[in-house]
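Asker:
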Amino acid sequence: MKLISAQNISYKINEKMLFHNLSLEVCSGQGLHIKGGNGSGKSTLLKILLKITSVSKGLIEYKNQDLKISYLGHKNAIKNYLTPAQNLQLLFEDVSLTNAFGWLEKLDLYQVQDELTANLSFGQQKKLALIRVLAKSSELIVLDEPFVGLDKAASELLNSFFLQKLSEGTGLILTSHIQPSVECQVVKLDKTNV
Amino acid sequence: MFRLIKIESSKLFYKLKSWLGPMLIMILVLTAFPLSIDISQFDLEKFYFSIIVVSLLMTSFLATEGMFEEDFEDGSLEQEYLVEQDFYKVVLSKIFVYVCFIGVPIAFIGAIFSFANGVAIGNFINVFVSLSLSNLLLFNLFAFGNALSINKGAMLGVLTTLPLALPVIILLGTAIRSIQYGNGFLEIISLMIGMGFLISAIMPLIISTTLKTHID
Amino acid sequence: MISVIIHKFSSPKSFVQITKTLYPLFIFTGLFMLIIGWTWGLLFAPPDAVQGNSYRIIFLHVPAVIFAELIYFFMALCALMHIVWRVRLAAYLIKSAAPIGAMITFIGLFSGSIWGIPTWGTWWQWDARITSTLILFIMYLGILTLHGSFSNLEKSDRLMSILVVIGVVNIPIIKKSVDWWSTLHQPASISVSGGSSIDPSMLYPLIISVIGLGFTLISLGILTSRSYILGREKNKKWVLDHV
């Protein structure tokens, strides 16, 4: 089942073409790994697929209008004047909140849950931000460089999370310089797309 | 909508400087002014209101600073967009929360001070209502300014929207004069209420377009 | 349907081509009428009964403040076109009109100040109309700064348009401010409907200089917008063909 498909999309910024006539699709249970050098437009492509950024040309279609997507970009979207626990309380309710606190424990953040997020290390903040995706049930997961800043244990946890979600039929789109252990189709962004 | 109001109010609650700062400054200006000039109580009463108006302008300016900046910087805006597909509700609830928790208390402080400086006690409600309403208008305008220059320090945008605050100041001035002279208050206040409804409905629409342009 | 027509006539390419032929015509008419209007006004029109000769600055002041508002109005129309139909040319025109608007508003304020010294005895007064014209001036500067502060030019085009449209509320305030405040400023002397309170011997040179200044400003606008458009679209094929 097709979750998302992009047909012949082009994007230009200040009259400079970033990519041209790019087509891709992700079905449920399938992963997509977007590769490319710095400044090749990986993050922009993710935002385009999320319909945050509008394309210059082309079409993006979702399976249905209210496709449930969870996303984490290179910005963490957590409040650093709140504690991790308070941050999660803002994001989740009821059952998913318990689930989120479960992840807090698994990711080794339980001891620091009442400290200010601003005082946590970069990796800890990244892990906290990832809980937004981990504890939410969704049909499509979109991640921008999820492995950056994570230690070995957390990376393995993330990889096994991907594996489990893919087997459950969730779609996965990610950009990463680190090869994820799950099997993905690969899209490469470079000069040939232009 | 209720979820958003809950989120915004708890975020604001923990940002002490955002809501306590403007109130302290309001109190500070209103007390410092009579101290700083040597003037009789009679003369002071004549123009104390303009001090209140100016400090109202200043504090609402301060209170709305960084209203959307933080959410933009840390990526929360993008996340909200994914959930809501639109910023209208986000903006509406944010302005609502800011007006309730900063705007109205500031108006209350202003009203108390005006009453200490020669306004009849029966007029307290009138002064309070007109100050609150002009705060509602000002917050909407400055929120727009904030949204305009979100990634360049919100000050620039607020300065560019400052001219738009002029009509609000005129209106507030007229309202206060009508309170002082005891006629025509009802017309002015209904005009302000009407404008308040209009702006609260339209401004979030404009602001959400602006925000959408920014995350684009 | 409308958008098709608008897009057909609003391509930067056709604008540059059309204005190339119109420009000499406009600049000639503008300067010619300005010279006539000003010589007539400054040398031949009779002195004012009350103000003597000092009133003659209206031949600069009045056209200037008229265009201070008209240019903003024009920018607002362009901004609407840009927001609704995404017309690129409209954004370019706003960007090139704003400095001209700022300049003419400044001239209006400055000439008003000079006029204020002999008539009111002061060169600045926090009167409603002066203040709101000053605000219009700040508005122009704000628009320019806002546009200059983003790296993504398409984004700044759109944000600028939004600001311009919102700023339109200032125009009726300037218009009506004379009635709302008790003020030193005289109410409008010239009205379209009723008879004017100004003598024809002063009115005609005034009208001529208004029209003359209008054409001059349009040709100035053509000059700046052409160079701006060519700069913005320098990667397009038609620009390379044109230059």
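Those sequence lines, one after another, are chains A, B and C.
Heads up: the first sequence is residues 1 to 194, going by the working numbering.
Heads up: the second sequence is residues 1001 to 1216, going by the working numbering.
Heads up: the third sequence is residues 2001 to 2243, going by the working numbering.
We treat Cβ as the ideally placed atom computed from N, Cα and C, and that holds for glycine.
Since we're looking at a predicted model, the values are computed, not measured.
Any idea if residue 160 of chain A is buried or exposed, counting beta-carbon neighbours within 10 angstroms, 16 or more meaning buried?
Answerer: exposed
Asker: Whole-angstrom Cβ separation of residue 2154 of chain C and residue 2012 of chain C, contact assumed at under 8 Å?
Answerer: In this structure residue 2154 of chain C does not touch residue 2012 of chain C by the C-beta definition: roughly 14 Å separates them, more than the 8 Å allowed.
Asker: Can you tell me whether DSSP reads residue 2242 of chain C as helix, strand or coil?
Answerer: helix
Asker: Alpha carbon to alpha carbon, how far is residue 1184 of chain B from residue 1178 of chain B?
Answerer: 6 Å
Asker: Using the Cα positions of residue 1064 of chain B and residue 1150 of chain B, report the straight-line distance between them to the nearest angstrom.
Answerer: 12 Å
Asker: For the segment 16-41 of chain A, enumerate the residues whose C-beta is nearer than 9 Å to any C-beta of chain B, in chain order.
Answerer: none
Asker: By the criterion of Cβ-Cβ separation under 8 Å, what are the contact partners of residue 77 of chain A in chain B?
Answerer: 1074, 1075, 1076, 1078 and 1079
Asker: I need the DSSP call for residue 19 of chain A, collapsed to helix, strand or coil.
Answerer: Judged by DSSP in its simplified three-state form, residue 19 of chain A adopts strand.
Asker: Between the Cα of residue 13 of chain A and the Cα atoms of A/121, A/26 and A/54, which residue gives the shortest distance?
Answerer: A/54
Asker: Suppose the cutoff is 6 Å on Cβ atoms and the five residues either side in sequence are ignored; what does the same chain contact list for residue 1164 of chain B look like?
Answerer: 1141
Asker: Using the Cα positions of residue 2193 of chain C and residue 2172 of chain C, report the straight-line distance between them to the nearest angstrom.
Answerer: Here residue 2193 of chain C scores only 48 on pLDDT, less than 50, and its place in the model should not be relied on; the value that follows carries that caveat. Distance between the alpha carbons of residue 2193 of chain C and residue 2172 of chain C is about 18 Å.
Asker: To which residues of the same chain is residue 185 of chain A closer than 6 Å at the C-beta, ignoring the five residues directly before and after it?
Answerer: Closer than 6 Å at the Cβ level, and outside the excluded window around residue 185 of chain A, lie 32.
Asker: Closer than 8 Å, CB to CB, is residue 54 of chain A near chain B or not?
Answerer: yes
Asker: Go ahead and label residue 2004 of chain C buried or exposed: buried means 16 or more other beta carbons lie within 10 angstroms of its beta carbon, across all protein chains shown.
Answerer: Exposed, since its Cβ has fewer than 16 Cβ neighbours within 10 Å.
Asker: Which one of A/133, A/107 and A/111 has the shortest CA to CA distance from residue 123 of chain A?
Answerer: For residue 123 of chain A, the closest alpha carbon among the candidates A/133, A/107 and A/111 is that of A/107.
Asker: What first and last residue would you give for the beta strand (DSSP E) that runs through residue 1071 of chain B?
Answerer: Looking at the DSSP string, residue 1071 of chain B is not in any beta strand (DSSP E); the run it does join, the alpha helix (DSSP H), is 1069-1073.
Asker: Please name the residue, chosen from A/56, A/1 and A/187, that lies closest to residue 29 of chain A on a Cα-to-Cα basis.
Answerer: Residue 29 of chain A has its Cα closest to that of A/1, out of A/56, A/1 and A/187.
Asker: Run the CB neighbour count on residue 2020 of chain C, radius 10 Å, all protein chains shown included, and call it buried at 16 or more, exposed below.
Answerer: With fewer than 16 other Cβ atoms within 10 Å, it is exposed.
Asker: If you reduce the DSSP assignment to three classes, tell me which class residue 8 of chain A lands in.
Answerer: Three-state DSSP puts residue 8 of chain A in a strand.
Asker: Does residue 1085 of chain B come out as helix, strand or coil in the three-state DSSP assignment?
Answerer: Here DSSP, grouped into helix, strand and coil, assigns residue 1085 of chain B to coil.
Asker: Does the beta carbon of residue 171 of chain A come closer than 8 Å to any beta carbon on chain B?
Answerer: no
Asker: What's the gap between the Cα of residue 27 of chain A and the Cα of residue 2159 of chain C?
Answerer: For the pair residue 27 of chain A and residue 2159 of chain C, the Cα-to-Cα distance works out to about 37 Å.
Asker: Counting only Cβ-Cβ distances shorter than 8 Å, please list the residues of the segment 2142-2174 of chain C near chain B, keeping chain order.
Answerer: Answer set for the segment 2142-2174 of chain C: 2142, 2143, 2145, 2146, 2149, 2150, 2155, 2158, 2159, 2162, 2163, 2166, 2167, 2169, 2170 and 2173.
Asker: Which chain B residues sit within Cβ distance under 9 Å of residue 69 of chain A?
Answerer: 1082
Asker: Whole angstroms is fine: what's the gap from residue 88 of chain A's alpha carbon to residue 129 of chain A's?
Answerer: Cα to Cα, residue 88 of chain A sits roughly 9 Å from residue 129 of chain A.
Asker: Would you decide whether residue 2195 of chain C is buried or exposed? Buried here means 16 or more other CB atoms lie within 10 Å of its CB.
Answerer: Bear in mind that a pLDDT of 49 at residue 2195 of chain C, under 50, signals an unreliable position, so the number given afterwards is only what the model happens to contain. Burial call: exposed.
Asker: In this structure, does DSSP put residue 2219 of chain C in helix, strand or coil?
Answerer: helix
Asker: Would a check of beta-carbon distances place residue 1027 of chain B closer than 8 Å to chain A?
Answerer: no
Asker: Quick one: what does DSSP say residue 78 of chain A is sitting in, helix, strand or coil?
Answerer: In the structure shown, residue 78 of chain A falls within a coil segment according to DSSP collapsed to helix, strand and coil.
Asker: For residue 2123 of chain C, count neighbouring Cβ atoms within 10 angstroms of its own Cβ and tell me buried if that reaches 16, exposed if not.
Answerer: exposed
Asker: At 7 Å on the CB atoms, spell out the chain B contacts of residue 149 of chain A, in chain order.
Answerer: Near residue 149 of chain A there are no residues of chain B at all, since even the closest Cβ is about 15 Å away, more than 7 Å.
Asker: Measure the Cβ-Cβ separation of residue 1139 of chain B and residue 1081 of chain B and say whether it is below 8 Å.
Answerer: no
Asker: Using a Cβ cut-off of 8 Å, pull out every chain B residue sitting near residue 81 of chain A, in sequence order please.
Answerer: Taking a Cβ-Cβ cut-off of 8 Å, the neighbours of residue 81 of chain A in chain B comprise 1014 and 1015, given in sequence order.
Asker: Just checking my contact of residue 2114 of chain C with residue 2224 of chain C at CB under 8 Å: how many whole Å lie between their CB atoms?
Answerer: The pair is not a contact, with the Cβ atoms about 27 Å apart (cut-off 8 Å).
Asker: Below 8 Å between beta carbons: does that hold for residue 146 of chain A and residue 112 of chain A?
Answerer: no
Asker: Give the straight-line distance between the Cα atoms of residue 1101 of chain B and residue 1019 of chain B, rounded to the nearest whole angstrom.
Answerer: Those two C-alpha atoms are separated by around 7 Å.
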